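Let me begin by presenting the structure, written as structure tokens, before commenting on it.
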Amino acid sequence: MKYSSMMHATMIVAGILGGIALVGAWVAGENGTFLGFSSGLLYTNALNVQIVAISAGICTLVRRQMEKENPSSFL
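For the record, in the sequence shown the residue sitting at position 56 is 59 according to our numbering, with numbers rising by one throughout.
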């Protein structure tokens, strides 16, 4: 499996998890909880996981460009 494909899968999973955390924070309300987590923690987790998803997406774009320029490279 190519490195860009692994990063693309990471981006998708992180994006979905960040979206779930964000929806959970909205459901929890201002001072409530969702699945035992406070809304503040869920907002923070959603932000951090979305940042990971964005960075994985950028890594995917860069890596795919590198693979186009030099198809024989693996890493």
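Glycine included, each C-beta is placed from N, C-alpha and C at the ideal position. Please read all numbers here as calculations on a predicted model, not as lab measurements.
Less than 8 Å separates the beta-carbon of A31 from that of S41.
For S7, the secondary structure class from DSSP, reduced to helix, strand or coil, is helix. In the three-state scheme derived from DSSP, where H, G and I count as helix and E and B as strand, S58 is classed as helix.
When the beta-carbon positions are compared, A28 and Y46 come within less than 8 Å of each other.
Between the alpha carbons of M9 and R67 lies a distance of about 11 Å.
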